[in-house]
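For reference, the structure is listed below as structure tokens.
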Amino acid sequence: MGLIDIHTHLLPAMDDGPQNRDLALRLAEMMVAQGVTHAVLTPHHLLADYVNPKWAVQERVVAFQSALQLAGIPLTVFPGQEVHMTGDLLNHLAADDLLFLDGVGTYLLLELPATHVPLYTEDLLFQLTLRGIIPVLAHPERHPVLQREPDRLEGLMRLGCLLQVTAGSYLGMFGRAAQKLATRLLASVPGVLLASDAHNHLRRPCVMAQAFQQLASEVGLDRCRKINDNAVAVVNGESLLTGG
Numbered sequence: 013m014g015l016i017d018i019h020t021h022l023l024p025a026m027d028d029g030p031q032n033r034d035l036a037l038r039l040a041e042m043m044v045a046q047g048v049t050h051a052v053l054t055p056h057h058l059l060a061d062y063v064n065p066k067w068a069v070q071e072r073v074v075a076f077q078s079a080l081q082l083a084g085i086p087l088t089v090f091p092g093q094e095v096h097m098t099g100d101l102l103n104h105l106a107a108d109d110l111l112f113l114d115g116v117g118t119y120l121l122l123e124l125p126a127t128h129v130p131l132y133t134e135d136l137l138f139q140l141t142l143r144g145i146i147p148v149l150a151h152p153e154r155h156p157v158l159q160r161e162p163d164r165l166e167g168l169m170r171l172g173c174l175l176q177v178t179a180g181s182y183l184g185m186f187g188r189a190a191q192k193l194a195t196r197l198l199a200s201v202p203g204v205l206l207a208s209d210a211h212n213h214l215r216r217p218c219v220m221a222q223a224f225q226q227l228a229s230e231v232g233l234d235r236c237r238k239i240n241d242n243a244v245a246v247v248n249g250e251s252l253l254t255g256g
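Residue numbering for the sequence shown follows my numbering, beginning at 13 and increasing consecutively.
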């Protein structure tokens with residue numbers, strides 16, 4: 013099955029991903045070799061020096077799709093952002109500065125601050141859902157607070173939040189604690205998503221194929237299909253299947 017990758021740092025020279033087009037194309041080749049056919053390009057936004065507004069990402073994605081075609085790399089890409097959670101996020105939303113994982117403004121990829129869960133997190137997620145937005149929490153298995161207190165994720169999911177697990181976490185690339193939580197989420201959480209969060213072809217590669225192969229051996233091929241179908245639904249702005 014063709015894999016859909018909803019979290020990638022493939023756009024060159026926009027954040028801590030590839031710093032030039034050649035490196036970006038090399039990573040794209042790796043993604044295709046891993047079975048990825050479609051990818052949402054999600055540079056960091058509102059994170060320290062990484063400010064990549066909607067219009068800039070859209071322009072760069074169009075240019076990069078052309079570069080992929082010229083290079084003969086069969087990867088279809090879409091514009092997105094990994095939006096850092098801040099207290100003024102709703103202002104950026106009102107200013108039409110945010111990109112979603114889909115073209116109709118349903119699924120928003122959100123990243124928590126690296127060391128803590130802000131006090132306003134639950135209220136912000138609630139405010140987003142009131143606006144018809146489904147927050148997708150990026151790599152919760154790698155967050156130190158959520159590793160210590162994984163039951164907090166249940167409360168976030170009750171607010172309507174989806175969880176995106178990183179393939180490398182599941183394979184042990186981010187330590188035992190991340191792997192343990194990733195395994196638990198992929199095995200049991202309805203609507204869980206699996207993505208590469210790839211940054212480069214060496215230190216932060218795309219390992220989607222390896223992750224799905226391991227997952228198939230542990231929980232079965234049907235579960236793998238449902239998780240990839242979740243990604244298809246997200247990119248299309250559709251509802252996820254119950255039990256996926």
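All residues carry an ideal CB built from backbone N, CA and C; glycine is no exception.
*Compare the C-alpha of residue 182 against each of 175, 172 and 194 and name the closest.*
194
_Supposed close pair residue 207, residue 46 - CB separation, criterion 8 angstroms_ = At roughly 12 angstroms, the Cβ-Cβ gap does not stay under 8 angstroms, so residue 207 and residue 46 are not in contact.
*Are residue 20 and residue 150 touching if we call contact CB-CB under 8 angstroms?*
no
*Compute the Euclidean distance between the alpha carbons of residue 130 and residue 246, then round it to the nearest angstrom.*
Looking at the two C-alpha atoms, the distance is approximately 26 angstroms.
*According to DSSP, is residue 17 helix, strand or coil?*
strand
*Is the Cβ-Cβ distance between residue 92 and residue 112 less than 8 angstroms?*
yes
*Between the segment 114 to 122 and the segment 70 to 79, do three or more beta carbon pairs fall short of 8 angstroms?*
Segment contact: the segment 114 to 122 against the segment 70 to 79, fewer than three CB-CB distances shorter than 8 angstroms; contact not assigned.
*asked:* Quick check: the segment 229 to 242 against the segment 38 to 52, are at least 3 beta-carbon pairs closer than 8 angstroms?
replied: Look at the beta carbons and you see the segment 38 to 52 not touching the segment 229 to 242: under three pairs across the two are nearer than 8 angstroms.
*Residues in its own chain within less than 6 angstroms of residue 254 by CB, not counting five upstream and five downstream?*
In this predicted model, residue 254 has a pLDDT of only 49, less than 50, meaning its place in the structure is not dependable; the value taken from the coordinates is given anyway. Excluding residues within five positions, none has a Cβ falling inside 6 angstroms.
*asked:* I'd like to confirm something about residue 249: is its beta-carbon nearer than 7 angstroms to some heavy atom of the ligand ATP, or not?
replied: The ligand ATP is not part of this structure, which contains no ligands at all.
*Enumerate, from N- to C-terminal direction, the unbroken alpha helix (DSSP H) stretches of 4 or more residues contained entirely within the segment 53 to 87.*
66 to 83
_I'd like the list of long-range same chain contacts for residue 58, defined as Cβ closer than 8 angstroms, with 5 residues on each side in sequence excluded._
95, 96, 98, 101 and 104
*Sort out for me which residues DSSP pairs residue 90 with in a bridge.*
52
*How about residue 219 and residue 180: are their beta carbons less than 8 angstroms apart?*
yes
*Whole-angstrom Cβ separation of residue 87 and residue 25, contact assumed at under 8 angstroms?*
Between residue 25 and residue 87 the Cβ distance is about 19 angstroms, and since that is not below 8 angstroms, they are no contact.
*How far does the alpha helix (DSSP H) with residue 152 in it reach, from first residue to last?*
Element bounds for residue 152: n/a, residue is neither H nor E.
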